[in-house]
Amino acid sequence: MQSPVISEHAHPLPEDGSRPKLRSDALWVPHDDGAFLLCNASSLTIRGKSSYELVSRIAPHLDGTTEVGRLLSGLPPAVAAQVRALLRRLAEAGFVRDAAVDRPHGLTGRELTDYAGELSFIEYFRGSPAARYEAFRDTRVLCVGSGMVFDGLLRALVQLGNRRTTAAVTGGAPAVAGVESALKPVLAAARERDAGMGVRTVPLSVPLPGPGEEDFPADGLMHLIGANDFVLHFADDFGPGLARAIDESCARAGVTVLHGAVQGDQVWLGPLCGPDDAVRGPGLWARTGVDGTGPRSVFLTESTARIVAAQPAFAAFKVITGVPAEDFRERVVRVDLATLITEEVSLHALDLLPAGAEAAAPPAAGWASAAPPPESESTVLSQAFSRLVDSRDGLIRDVDEGDLTQIPLHRCRAEVAPLAGPGRAVAAEGDGLDLLSARVTAVLAAAESAGLRAVLDPAGGEPAVPPAAEAFDLVTAAPVRLSSHDVRAWRDDGAPVDTASAADWDDAVACALGRVAARLLRTGPRDEGTECVPVGPDVPRLLSILAAAGHRPVLRTLYDAEGFAIVRADCGAGLTGVGSATSAPAAGTDALYDAVRALHERVFDEPLRSRALRQEAGGAPLHARTEGATAAARAARWLEASLPTATRLVAVPLEVHPVLRRVGRVHCAAVAVVPAADRAVTS
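Per my numbering, the sequence shown runs over residues 994 to 1676.
Okay, here's the thing in C-alpha cells:
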C-alpha cells in the first residue's frame, strides 16, 4: 500500500499565509548574548540581548493555528521584521514547520488529545500528523498466526489505535476462542479512547503442513489478503508452508507483508516485503535456517512474546503513516529470547540484497602478491565489507585484531561464512601498514580460503576424502585432473598451494603464482638479477622500518617479462623478501613489504607468511615468449626449473565467495605444486 502523500511547504515560512508550529520537543534557555534553542533534531544559537525574551514571547503563539500575517499585525515595522527574521531562522533550523499545508482530517479535539503521543511521533518526521494517523487508524491490517506472539501483535495494534484489524487465527476454533477471550480487556481499555475500536477474528481453517511439505492449500487465504492493505504474519510455531503461501499470495495481490518467525531461542523480524521488493521471506528463512523444526524455546513466555511482537506492529505503524521505516527494508532484526538482546542484521550481510556501486566498479588495475591493495582501493573495500558483517549469520562473521602484535605491521583476523550451507566459519589473518588495510587483507584472505576449503573439505568439517579436482597446467594450459590423493595432500600434509582473487582470471592466477614464487625464492643465496629501484608511496616507510632494525636491503630483479616481474630483497642476516607485480619497480615495493613481514616474524616469532619451499640449485634461463601464452604461463615455465624434480605448477578455479563478488572480484584461483608423474592430462 502507499503511505499518505502530502504536499508540504506550499507556503514557505515566514510568508503571511503560513501558520508556524513549534516542535513539541523544543527547549530554549538564555545564552551569554542571546538564546540557545535545542530539540532532538537540531540546535540553534540566536544572538542579541533581546533574543531570549523574543523567543519566549512568540513561542506560545506558534501552535499552527495563527497565520504569520496575523501574528505581525499591529507590531511596529522594526519589531515585525525582527519576528519575521526569527521565524525564518527557526524554520531553517527545523524548529518550526508550516501547519497551513497539513491535509484535512476528521479527528475530534478529544482524539487529538488522546492520541497526542502518536501524533507527536509522526510530527517529528512528517507534516500532517493528524491526517497520517487517521490513515493508519482506518487501514485494513490482516494479522495471520497464533500463540503468544500473535496475541502480542494484536494487542500492540489495538494500543496503537488501528480499528480495522482482522485476526486470521490458525489452530481451529479453540485458538480463535482463546484470541477473542484474551483481547476482551485490551479492547475494553482501548474503547475509552475510541468507541469504535474492534478486532475481527476469523479461523484460517486449512491444514497446517509439516516442515518438509512444499505445498500449502491456500483456499481463502488469497481472498483474505486481497481484502486488506497490510499483512503481518507471526506465530509461536513457524509453519514453512503457510509462510510461503502468505508471502506468495501477498506478492500476487500487491500487498505489503512483514514476517516474524520463531526458531528455537531466536526470533527473526522481517523482511518487509512490498509489492516490488526483490527480497522475500523464503529467501531469509533459507539463508538463516528457519524451518520450524526443533523444540519451542523455554524463554518464549507471555511477557517476552509481547515485547518482541510490539516491534513489527510499530513497524507497520511507521510504514502506513509515512514515517521513515527503513528498519525492515534493508535489514532484519534478530532477537535472542533468552536475553532479549536485539541485533540489526543487514540484508547485504545475508547476501539477500544485490551489491551496490562498489561491485560495479572493478578493483584497481594491477596486482601485487604480498602487499595489501592500494589505499584508495582498501578504503572502498572497507566500506563495502562493513555492510556484510554479522557475528552469527553474515557473509563476514568477525574482523578483530585480538591479541595480535600491531608493530611494525598491523595484523587482523577475519572469519567469513562457509561457501556451502551450515558449517564452521573460515578464518584467515591479514596484515598491513595500517589497521584498515590489515582488516581488508584479512577478509580477502578468508574469502579466498573459503574457496579452497570447498575443494579440500566439501563435507564441511566431516572427516572425508576430498574428491578429485579439475585444474590446468600453468605452462602448457592442458587440462589436469588432480587425484583425490593430491588434493588430500594439500589439506593433510601442507603441500604448497596459494590462492588469490581478482576481477580478471589471468590476474587472479598471476597473483597466486606470485605467492608461490615468494615461497620458492625467498631462501638460499641468489646473486643473479639486475638492480631494482622500487617505486610507490609506501617505499620510504618500508625502508625506514627495515633501517630501524639495522637492515639495508639490496633489491634484484630475478624475472621481468611482459607484465610479470619477480624481485628479491636481500636485507642481510638471512632476512629476505620476495615480491611479484606487473612491473619490476612495483614488484620491488612488494618485495620490501614481504621483507618487513619477515622482520615481524623474526622479532615476534609470529608466522605471517606461508612456509618456504625447497628448491633445486640454480635457476632457469628466461624462455622465449610462447605465442598466445599468458604472462603467468611464461613465469611458471621460468619457475619450474627451481621446483623439485617431477613436480609441476597447476591452477585450480575456485568457487568465488559472495564477499569477493560484492567487490568485483569475480575470479578466484589456487596455484599449487603437484607431482608431475601423478597427473592425468586429458585432451
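For each residue, glycine too, the CB sits at the ideal point set by N, CA and C.
Treat the numbers as computed from the prediction; the structure is a model and nothing was measured.
Give the straight-line distance between the Cα atoms of residue i and residue j, rounded to the nearest whole angstrom.
i	j	result
Asp-1009	Arg-1040	25 angstroms
Thr-1640	Ala-1482	14 angstroms
Arg-1390	Glu-1337	14 angstroms
Arg-1133	Val-1048	43 angstroms
Gly-1213	Ile-1334	37 angstroms
Leu-1653	Leu-1647	12 angstroms
Phe-1209	Gly-1191	Legend: pLDDT at Phe-1209 = 44, less than 50; position of this residue unreliable, no value from coordinates given.
Asp-1284	Trp-1278	7 angstroms
Leu-1176	Arg-1148	7 angstroms
Glu-1555	Pro-1460	36 angstroms
Tyr-1552	Arg-1512	15 angstroms
Ala-1634	Gly-1543	34 angstroms
Val-1089	Leu-1055	8 angstroms
Gly-1189	Arg-1156	7 angstroms
Arg-1406	Ala-1663	21 angstroms
Glu-1441	Ser-1494	7 angstroms
Leu-1548	Arg-1561	6 angstroms
Phe-1231	Ser-1296	19 angstroms
Leu-1388	Arg-1096	45 angstroms
Val-1659	Leu-1345	18 angstroms
Cys-1032	Ala-1086	10 angstroms
Met-1215	Gly-1234	14 angstroms
Thr-1575	Thr-1286	53 angstroms
Gly-1102	Ala-1128	17 angstroms
Ala-1124	Glu-1370	48 angstroms
Gln-995	Gln-1304	Low per-residue confidence applies at Gln-995: pLDDT is 40, beneath 50, and the placement is therefore not dependable, though the value from the model is reported in the following sentence. Spanning the two alpha carbons is a distance of roughly 21 angstroms.
Phe-1516	Thr-1332	Reading off the sequence, residue 1516 comes out as Thr, not Phe. Rounded to whole angstroms, Thr-1516 to Thr-1332 spans 54 angstroms at the Cα level.
Leu-1026	Ser-1066	It should be noted that the sequence gives Asp, not Leu, for residue 1026. For Asp-1026 and Ser-1066, the distance between alpha carbons rounds to 28 angstroms.
Gly-1657	Ala-1669	34 angstroms
Asp-1018	Ala-1028	16 angstroms
Phe-1307	Leu-1340	20 angstroms
Gly-1257	Leu-1225	21 angstroms
Considering only the beta carbon of each residue, do residue i and residue j sit closer than 8 angstroms?
i	j	result
Thr-1492	Cys-1661	yes
Trp-1360	Cys-1525	no
Arg-1193	Thr-1249	no
Leu-1535	Leu-1585	yes
Thr-1100	Asn-1221	The amino acid at residue 1100 is misidentified as Thr; the sequence shows Leu. Not closer than 8 angstroms, so no.
Leu-1197	Val-1162	yes
Val-1137	Gly-1120	no
Gly-1219	Ala-1238	no
Leu-1445	Val-1490	yes
Leu-1412	Ala-1443	yes
Quick one: measure Cβ to Cβ for residue i and residue j, integer angstroms, because I've assumed they're closer than 8 angstroms.
i	j	result
Arg-1016	Ala-1092	Arg-1016 to Ala-1092, Cβ: 12 angstroms. No contact.
Ser-1379	Leu-1330	Contact flag wrong, Cβ pair sits at about 28 angstroms.
Ile-1559	Leu-1514	7 angstroms
His-1252	Ala-1236	7 angstroms
Val-1255	Gly-1145	Not really, about 12 angstroms apart at Cβ, beyond 8 angstroms.
Phe-1557	Ala-1625	6 angstroms
Val-1061	Leu-1080	7 angstroms
Ala-1438	Arg-1590	Ala-1438 to Arg-1590, Cβ: 13 angstroms. No contact.
Ser-1603	Gly-1507	Not quite, the Cβ-Cβ distance comes to about 12 angstroms (not below 8 angstroms), so this is no contact.
Phe-1310	Leu-1153	5 angstroms
Val-1666	Val-1409	In fact, because the Cβ distance is near 26 angstroms, the residues do not count as touching under 8 angstroms.
Val-1643	Val-1480	Incorrect: roughly 11 angstroms between the Cβ atoms, too far for contact.
Ala-1052	Val-1142	That belief does not hold up - the Cβ atoms of Ala-1052 and Val-1142 are roughly 44 angstroms apart, past 8 angstroms.
Tyr-1045	Pro-1023	5 angstroms
Val-1588	Gly-1570	Note that residue 1588 is Ala in the sequence shown here, rather than Val. Rounded, the Cβ-Cβ distance is 3 angstroms, consistent with contact.
Leu-1343	Arg-1280	5 angstroms
Ala-1431	Asp-1424	5 angstroms
Does any residue of chain D have a CB that is nearer than 8 angstroms to the CB of residue i?
i	result
Arg-1184	Among the protein chains of the structure shown there is no chain D, as only one such chain exists.
Hey, would you say the C-beta of residue i is under 7 angstroms away from at least one heavy atom of the ligand HEM?
i	result
Val-1419	The ligand HEM is not part of the structure shown, which contains no ligands of any sort.
Runs of 3 residues minimum, wholly inside the stretch 1148-1234: which ones carry the beta strand (DSSP E) assignment? 1158-1162, 1192-1196 and 1223-1228
Which ranges does the beta strand (DSSP E) cover as unbroken runs of at least 3 residues, wholly within the stretch 1231-1272, from first to last along the chain? 1249-1256 and 1259-1266
Using a Cβ distance threshold of 8 angstroms, determine whether the stretch 1238-1245 contacts the stretch 1169-1185, with at least three qualifying pairs required. no
What are the uninterrupted segments assigned as beta strand (DSSP E) that are 3 or more residues long and contained completely in the stretch 1070-1113, given in chain order? 1089-1091
Within 8 angstroms, do at least three Cβ pairs link the stretch 1461-1473 to the stretch 1579-1586? no
Is the stretch 1322-1330 touching the stretch 1261-1280, taking contact as three or more C-beta pairs under 8 angstroms? yes
Enumerate, from N- to C-terminal direction, the unbroken alpha helix (DSSP H) stretches of 4 or more residues contained entirely within the stretch 1294-1382. 1295-1314, 1350-1353 and 1368-1379
Counting Cβ pairs, one atom from each stretch, are 3 or more of them under 8 angstroms apart for the stretch 1298-1317 and the stretch 1160-1170? no
Going residue by residue through the stretch 1431-1471, where are the continuous beta strand (DSSP E) segments of at least 3 residues, counting only ones entirely within it? 1462-1466
Are three or more beta carbon pairs between the stretch 1396-1404 and the stretch 1369-1386 nearer than 8 angstroms? no
Write down every uninterrupted run of the alpha helix (DSSP H) in the stretch 1633-1666 whose length is 4 residues or greater and which is fully enclosed by it, in chain order. 1651-1654
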